[in-house]
Amino acid sequence: MRQLALALLLSTAPLAPALAQDNDWPSETDISIEEAIEIAYGEGIATLREVSFDDGRWDIEGLSADGAEIEFEIDGASGDIVGR
């Protein structure tokens, strides 16, 4: 059983770098995803629905406490709100 588990682990190991690179998350940015989420909560989001990163900006979507949809963009370098 241990040999089977080891064989499976070794057979999938070459896929790890490809899977790790298959995303749009920034490799280096001044504002981390955690910081972007904190900014989102500070802007009135009560329920976070989606966070993505594109063209140097964090795209945030969520709901306010009263259920209104909120969408905006956060600059990945400064943390400023750059679009609503």
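Mapping of the sequence shown onto mature numbering (1 follows the signal peptide of the UniProt record, and there is no 0): residues -20 to -1, 1 to 64, in sequence order. Where a beta carbon is used, it is the ideal one built from N, C-alpha and C, also for glycine. Everything numeric in this text was worked out from a predicted model, so none of it was measured.
Out of the options, which one is the CA nearest neighbour of residue i?
{"i": "residue 64", "options": "24, 57, 45 and 47", "result": "24"}
{"i": "residue 18", "options": "40, 62 and 9", "result": "40"}
Using 8 Å for Cβ pairs, my map puts residue i next to residue j. What's the rounded Cβ distance?
{"i": "residue 53", "j": "residue 37", "result": "4 Å"}
{"i": "residue 28", "j": "residue 42", "result": "5 Å"}
Is the Cβ-Cβ distance between residue i and residue j less than 7 Å?
{"i": "residue 44", "j": "residue 26", "result": "yes"}
Answer yes or no: does any C-beta atom of chain B fall closer than 7 Å to that of residue i?
{"i": "residue 57", "result": "Absent from the structure is chain B; it holds one protein chain and no more."}
On the DSSP letters alone, give me the boundaries of the alpha helix (DSSP H) that residue i sits inside.
{"i": "residue 23", "result": "Run containing residue 23: none; DSSP gives neither H nor E here."}
Following the continuous beta strand (DSSP E) through residue i, name the residue where it begins and the one where it ends.
{"i": "residue 32", "result": "27 to 34"}
{"i": "residue 39", "result": "37 to 43"}
{"i": "residue 55", "result": "49 to 55"}
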